[in-house]
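Reading through the structure tokens given below for one structure.
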Ligand SMILES: [Zn+2]
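In the working numbering, the protein residues as written are 1 to 155.
Take a look at the structure:
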């Protein structure tokens, strides 16, 4: 399915991150790859998904961060991409792929819902703030209030 709301989701995500830039500076900080890998594992395990590999792309320019399902790997182009906010985004793709399957818009309503849940649980972003910015962004989520997403209990 066409990735019809990709740009709007990027804008939505950036609006949320801008809103917490002063209060949650840690989510923008570059991590050692090993620490970033553990963070991705912790997120995925909370949804019953085995830890993905997290690697740098071997070509360092012109590539965005992404998740590839066939080898269960999050690829981060450069060191600056190894930060909680970017890992949360790619882990949201990982979790969405495993929970909802293939054939969906990459940044569709399932992704928005999972990502919102991860932002609240693992980046500690305020749920009301997420919901407010989501309502203003006019993007599709699984329900009007995207954060509550009841899967197996996190440890
Ligand atoms: Zn994405």
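Even for Gly, the Cβ is constructed at its ideal location relative to N, Cα and C. Source: prediction; values computed, not measured.
1) Buried or exposed: where does residue 18 fall if 16 or more other Cβ atoms within 10 Å of its Cβ makes it buried?
2) Could you pull out every residue in the same chain whose Cβ sits closer than 8 Å to the Cβ of residue 129, ignoring the five residues on either side in sequence?
3) Roughly how many angstroms separate the alpha carbons of residue 123 and residue 39, rounded to a whole number?
4) Could you tell me if the beta carbon of residue 106 falls within a distance shorter than 7 Å of some heavy atom in ligand 1?
5) Does the segment 26 to 46 come within contact of the segment 132 to 146, defined as at least 3 CB pairs closer than 8 Å?
6) Just mark residue 85 as buried or exposed, buried being the case when its beta carbon has 16 or more other beta carbons within 10 Å.
7) Helix, strand or coil: which one does DSSP assign to residue 82?
8) Based on the DSSP secondary-structure assignment, which residues constitute the bridge partners of residue 54?
9) Is any heavy atom in ligand 2 found nearer than 7 Å to the beta carbon of residue 72?
10) Whose CA, out of 96, 25, 65, 103, lies closest to the CA of residue 2?
So, to answer that:
1) exposed
2) 16, 19, 20
3) 11 Å
4) yes
5) no
6) buried
7) coil
8) 74
9) With respect to ligand 2, the structure offers nothing, as its ligand set consists of ligand 1.
10) 103
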